[in-house]
């Protein structure tokens, strides 16, 4: 059973930056694509960014040019560098993964709260 633990969230002013991390248990991490998703209050969970096991990346249009997804297979970690944050980025952020991009094969973790406010 793979477990996902997200961290790095917090309160930041508009225009600020945060770096989120997700650590996944299990040896299958290195061959799976991993992604970040977010859920704002009263809204459906949505795709944010993803990275394949070979390093191919995909981003939602709303974060393209501001967010960078990366992974470190040796540490079973996927990260999300978030820059130029906007109030509309406020949400709980989750990671998940699967055999290819956009898959969410694992049980969802607790997520990490990101609040962008002045």
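In the numbering used here, the protein residues as written are 58 to 175.
We treat Cβ as the ideally placed atom computed from N, Cα and C, and that holds for glycine.
Query                                                                                              : Result
Rounded straight-line distance, which links the Cα of residue 133 to that of residue 125           : 17 Å
Where residue 164 falls, given that 16 or more other Cβ within 10 Å makes a residue buried         : exposed
Cβ shell of residue 162 (< 6 Å), same chain only, five flanking positions each side left out       : 155
Residue 130 - DSSP class collapsed to helix/strand/coil                                            : helix
Close beta carbons around residue 89, own chain, < 7 Å, minus the five adjacent residues each side : 110, 154, 155, 156
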